[in-house]
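Heads up: the structure comes next, in structure tokens.
See the structure below:
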């Protein structure tokens, strides 16, 4: 495709993915350009090549990667930066990055990934490393005392209210969304998640999710179904025995199953995380509590 045609499509609001999604779009482009789709498929092929190169680095079934391996990944991922930033353009710029250092991940990885970025751009990054258990106290103290000493922060979604609510974050520019292929994120990581007052602030680096798992043998058992039908308690709208769809139904099912046995063993309903406050346990508390505490008309924030 000629460059002028491609740029015209981009100005019209199309993205490479938009263009490639439908056969009709592809046919139209092929007809409009003697070059066909080659100009648009090359970036996709480059993405595949990049992934293939990364997969050759130890860590994907090939042993424990080292900092040198992390730096190789960082070097491989520099092309987008090189396309937008001149070499040495950020010389003299110093940034402070606050994040986690637990499990030899997080900041340990970021250091290696960003060393090639520092070398190319000329910027320097200083690091604040925190254990999971120390993180919240350090963040809250910085906010409360007005001594925020970081420029970039890696944090869990539950802290977005504390940070975004105080106006401490910068809105994500459109060029960042384009560079990181924002549309490729799975839907549960797209807005309103990661937003505050309708504006996007977060660059998502992982995609933790809580899965609701249940025993199919329990919820398909005919004896339990008959007992549920005969039960006079509050069923929260779950007329027939089956997998609960709301937290109210989870509560009703949990009460119903208490004290019962199934296949000779004690049976339980919903199992809450045993340590709701502190560490990662808060996330599980949040999954349930926010269903009661967050108003559905409030679109800001994760909770």
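Residue numbers (the working numbering): 1 to 303.
Every residue gets a Cβ at the ideal spot worked out from N, C-alpha and C, and that includes glycine.
**Asked** Once you ignore the five residues that flank residue 288 on each side, which residues in its own chain have a CB closer than 8 angstroms to its CB?
**Response** Counted from its first residue, the chain shown places residue 288 at position 288. Here the set comprises 247, 272.
**Prompt:** Considering residue 97, what are the terminal residues of the beta strand (DSSP E) in which it resides?
**Reply:** For the purposes of this step, residue 97 is taken as residue 97 along the chain shown, with counting starting at 1. First-last of the beta strand (DSSP E) with residue 97: 94–100.
**Message:** Please report the distance separating the alpha-carbon of residue 50 from that of residue 181.
**Reply:** By 1-based counting over the chain shown, the position of residue 50 is 50. By 1-based counting over the chain shown, the position of residue 181 is 181. Residue 50 and residue 181: Cα-Cα distance of roughly 15 angstroms.
**Message:** Taking 8 angstroms as the limit between beta carbons, can you name the residues of its chain near residue 142, skipping five residues before and five after?
**Reply:** The residue labelled residue 142 in the question sits at position 142 within the chain shown. Leaving aside the five residues that flank residue 142 on each side, the residues in its chain whose CB is nearer than 8 angstroms to its CB run, in chain order, 148, 149, 150.
**Prompt:** When we look at the beta-carbon of residue 112 and count the other beta-carbons within 10 Å, is it buried (16 or more) or exposed?
**Reply:** As a working mapping, residue 112 is identified with position 112 in the chain shown. The C-beta of residue 112 has 16 or more other C-beta atoms within 10 Å across all chains shown, which makes the residue buried.
**Asked** In whole angstroms, what separates the C-alpha of residue 161 from that of residue 56?
**Response** For the purposes of this step, residue 161 is identified with residue 161 of the chain shown, where counting begins at 1. For the purposes of this step, residue 56 is identified with residue 56 of the chain shown, where counting begins at 1. Their Cα atoms are separated by approximately 39 angstroms.
**Message:** According to DSSP, simplified to helix, strand and coil, what is residue 241?
**Reply:** In the chain shown, residue 241 corresponds to position 241, counting from 1. Correct three-state label for residue 241: coil.
**Message:** Give me the residue from 164, 191, 283 with the minimum Cα distance to residue 140.
**Reply:** As a position in the chain shown, residue 140 is number 140, starting the count at 1. Residue 164 is the option with its Cα nearest to residue 140.
**Asked** If you draw a straight line from the alpha carbon of residue 262 to that of residue 103, how long is it in whole angstroms?
**Response** Within the chain shown, residue 262 is the residue found at index 262, counting from 1. Within the chain shown, residue 103 is the residue found at index 103, counting from 1. If you take the alpha carbons of residue 262 and residue 103, they lie about 39 angstroms apart.
**Request:** From the DSSP output, in three-state form, read off residue 114 for me.
**Result:** As a position in the chain shown, residue 114 is number 114, starting the count at 1. When DSSP states are grouped into helix, strand and coil, residue 114 belongs to the helix group.
**Request:** Classify residue 292 as buried or exposed, calling it buried when 16 or more other Cβ atoms lie within 10 Å of its own Cβ.
**Result:** Counting from one through the chain shown, the residue named residue 292 turns up at place 292. Sixteen is the threshold: since fewer than 16 other Cβ atoms of the shown chains lie within 10 Å of the Cβ of residue 292, the residue is exposed.
**residue 116 beta carbon near the ligand SAM (any heavy atom closer than 7 angstroms)** = Looking for the ligand SAM in the displayed structure turns up nothing, as the structure carries no ligands at all.
**Asked** If you check the beta carbons only, do residue 100 and residue 106 fall under 8 angstroms apart?
**Response** In the chain shown, residue 100 corresponds to position 100, counting from 1. In the chain shown, residue 106 corresponds to position 106, counting from 1. The answer is yes: Cβ separation under 8 angstroms.
**Message:** For residue 129, list the residues DSSP reports as bridge partners.
**Reply:** Here residue 129 refers to the residue found at position 129 of the chain shown. For residue 129, the pairing in a beta bridge is given by DSSP as 99.
**Residue from 243, 166, 138, 294 whose Cα sits closest to the Cα of residue 217** = As a position in the chain shown, residue 217 is number 217, starting the count at 1. Restricting attention to 243, 166, 138, 294, the CA atom closest to the CA of residue 217 is found in 243.
**Prompt:** Going by alpha carbons, who is nearest to residue 220 out of 232, 79, 241?
**Reply:** As a position in the chain shown, residue 220 is number 220, starting the count at 1. Residue nearest to residue 220 within the set 232, 79, 241 is 241 (criterion: CA-CA distance).
**Request:** List the residues that DSSP assigns as beta-bridge partners of residue 73.
**Result:** Here residue 73 corresponds to residue number 73 of the chain shown, with the count starting at 1. Within the DSSP bridge table, the entry for residue 73 names no partner.
**Item:** DSSP-derived helix/strand/coil call for residue 265
**Value:** Taking the chain shown and counting its residues from 1, the one referred to as residue 265 is at position 265. Residue state, collapsed to three classes: strand.
**Message:** Beta-carbon within less than 6 angstroms of residue 260's beta-carbon, same chain only, minus the 5 sequence neighbours each way: which residues are those?
**Reply:** Locating residue 260 in the chain shown gives position 260, where the first residue counts as 1. The beta carbon of residue 260 lies closer than 6 angstroms to those of 267 in the same chain, with the five residues before and after it left out.
**Request:** Compute the Euclidean distance between the alpha carbons of residue 249 and residue 208, then round it to the nearest angstrom.
**Result:** To locate residue 249, count along the chain shown from 1; it is residue 249. To locate residue 208, count along the chain shown from 1; it is residue 208. If you take the alpha carbons of residue 249 and residue 208, they lie about 25 angstroms apart.
**Asked** How many whole angstroms separate the CB atoms of residue 59 and residue 69, which I take to be in contact at a CB cut-off of 8 angstroms?
**Response** The residue labelled residue 59 in the question sits at position 59 within the chain shown. The residue labelled residue 69 in the question sits at position 69 within the chain shown. 6 angstroms between Cβ atoms; contact.
**Request:** Would you identify the three-state DSSP class for residue 53, choosing helix, strand or coil?
**Result:** Counting from one through the chain shown, the residue named residue 53 turns up at place 53. Note: residue 53 maps to helix in three-state DSSP.
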